[in-house]
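Student:
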Amino acid sequence: MKAFIGYLSMSGNTEDMANILKNVLVSKGCEVEMESLDLTEVQSILAYDCIFIGAYTWGDGDLPYEAEDFFEELNEYDLTGVHAACFGSGDHAYPKFCAAVDTFADKLNKRGAHVFHQRLKIELNPETDDQILECQQFAESVYAWVINKKEIEHV
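Heads up, the sequence shown is in the UniProt record's numbering, so the first residue is 1 and it goes up one at a time.
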């Protein structure tokens, strides 16, 4: 399976999550490309078996400024057949915890992507054993979901 992990991280928290996801996928034999979303063009990710989109939430539930171009570019593409999963870090001190994760998942869904039902949201940095395990289990669940979907599509 070929996977793409695109993320935005101001403090390193979402990048840490992306690295955990990548490590799990690589351990399963996946080819994984990972880059910052502000460097990513939507067309370049369409050939992957699965895309992971990760972002922190800014202010009162907004997308980070660096995500705006990628987010708007999604409107130009039909994502039917694309398998996607969304993740991000947040802070419960703000009123809309990890709202950027939901914003991306909703946009991907509206553009026709198959979006994994669970959205991975971690408070601040994935540093506790439970948070790391949650990230690992998310990657494993998405992997199994994509493999199952691909098998069904090829029958």
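Ideal Cβ positions, reconstructed from N, Cα and C, are used throughout, including at glycine.
For Cys135, does the three-state DSSP call read helix, strand or coil?
Tutor: If DSSP states are grouped into helix, strand and coil, Cys135 belongs with the helices.
Student: Roughly how many whole angstroms lie between the Cα atoms of residue 159 and Thr57?
Tutor: Absent from the structure is residue 159, since the part of the chain shown begins at 1 and ends at 155.
Student: With a threshold of 7 Å on Cβ separation, who are the neighbours of Lys22 within its own chain once the five nearest residues in sequence on each side are excluded?
Tutor: Closer than 7 Å at the Cβ level, and outside the excluded window around Lys22, lie Ile5, Val32 and Met34.
Student: My assumption, with CB atoms under 8 Å, is that Leu79 sits in contact with Gly112. Please give the rounded CB distance.
Tutor: Contact holds; Cβ gap of about 5 Å.
Student: For Val101, collect the residues of the same chain with a Cβ closer than 6 Å to its Cβ; drop the 5 residues on either side in sequence, then sort them by chain order.
Tutor: The residues are Cys86, Gly88, Arg119 and Lys121.
Student: Is it true that the CB of Cys135 sits closer than 8 Å to the CB of His83?
Tutor: Cβ distance not < 8 Å, so His83 and Cys135 don't count as in contact.
Student: Looking at the structure shown, is Val155 part of a helix, part of a strand, or coil, going by DSSP?
Tutor: Reliability fails at Val155, whose pLDDT of 47 lies under 50, so the model's placement of it is uncertain and no value is given.
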